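Here the structure is laid out as structure tokens; the discussion comes afterwards.
Numbering (the numbering used here), first residue to last: 195 to 419.
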């Protein structure tokens with residue numbers, strides 16, 4: 195697949211996580227917004243594709259029945275889903291969840307751990323057929339921001355879902371920022387689950403909070419050293 199098709203079609207999930215201020219200091223923050231009965235906010239869906247479920251939040255757990263997954267947000271994190279969603283093109287892409295350990299606009303001396311889940315219409319990427327294809331544009335943008343590849347895309351266990359994962363890292367002063375993205379193609383959408391953490395173990399722990407409705411096997415996969 196020719197990645198040149200993607201040069202001007204940057205993923206909303208990538209741009210959300212690769213913020214100008216990747217570090218953050220502890221400070222007062224708003225708790226994760228809760229919703230027991232209604233979707234996060236309104237948004238239109240791409241034409242010719244079924245409208246996705248924007249999901250609900252209950253007891254810090256985000257659930258999306260359309261794509262069949264849930265994510266448990268770490269205690270005390272701040273949610274910025276609506277803010278990030280307003281920056282996207284509602285006709286082609288949609289942020290389903292954006293949460294950070296600390297406010298993303300803050301600066302400081304620690305890696306600001308984060309999770310961003312986004313859905314983009316497959317039609318946005320001509321020629322894309324598999325989750326692995328998505329790593330062409332994703333890797334291009336990530337590498338342009340100073341990250342390096344830690345693990346090339348590999349199959350990632352998700353029960354009946356075919357997932358692909360890629361790992362990246364970036365030196366920031368004396369710290370190392372770790373980013374992992376897990377990608378799923380389902381119902382005419384590319385769904386990306388992207389996490390950032392201060393260590394490989396933290397990133398793995400954040401991905402373990404992702405569950406699929408049908409149940410899944412262990413998501414622990416052998417990775418290169």
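Backbone N, C-alpha and C fix where the C-beta goes; we use that ideal spot for every residue, glycine too.
Since the model is a prediction, treat every value here as computed from it, not as a measurement.
Compute the Euclidean distance between the alpha carbons of residue i and residue j, then round it to the nearest angstrom.
i, j, result
"residue 275", "residue 289", "7 Å"
"residue 253", "residue 378", "25 Å"
"residue 392", "residue 316", "31 Å"
"residue 301", "residue 396", "20 Å"
"residue 394", "residue 346", "15 Å"
"residue 369", "residue 358", "27 Å"
"residue 306", "residue 312", "19 Å"
"residue 257", "residue 401", "15 Å"
"residue 248", "residue 261", "10 Å"
"residue 342", "residue 371", "10 Å"
"residue 268", "residue 308", "10 Å"
"residue 251", "residue 349", "29 Å"
"residue 287", "residue 340", "24 Å"
"residue 272", "residue 398", "20 Å"
"residue 310", "residue 390", "9 Å"
"residue 296", "residue 344", "25 Å"
"residue 497", "residue 356", "This structure cannot settle anything about residue 497, because the visible part of the chain is limited to 195 through 419."
On the three-state DSSP scale, how would you describe residue i?
i, result
"residue 292", "strand"
"residue 370", "strand"
"residue 361", "strand"
"residue 241", "Low confidence applies to residue 241: its pLDDT is 45, below 50, so where it sits in the model is not reliable, and the reading given next is rough at best. The answer is coil: DSSP assigns residue 241 none of H, G, I, E or B."
"residue 406", "strand"
"residue 314", "strand"
"residue 399", "helix"
"residue 269", "coil"
"residue 383", "strand"
Taking the beta carbon of residue i as the centre, do at least 16 other beta carbons fall within 10 Å, making it buried, or is it exposed?
i, result
"residue 259", "exposed"
"residue 245", "exposed"
"residue 298", "buried"
"residue 364", "buried"
"residue 280", "exposed"
Among the options, which one has its Cα closest to the Cα of residue i?
i, options, result
"residue 354", "405, 293, 292", "405"
"residue 326", "371, 266, 361", "361"
"residue 291", "324, 269, 255, 306", "255"
"residue 384", "351, 400, 363, 323", "323"
"residue 337", "351, 367, 278, 373", "373"
Within the same chain, show all residues whose beta-carbon is closer than 6 Å to that of residue i, passing over the 5 residues directly before and after it, in chain order.
i, result
"residue 263", "406"
"residue 266", "255, 403"
"residue 386", "207, 312, 375, 377"
"residue 293", "267, 271, 273, 309"
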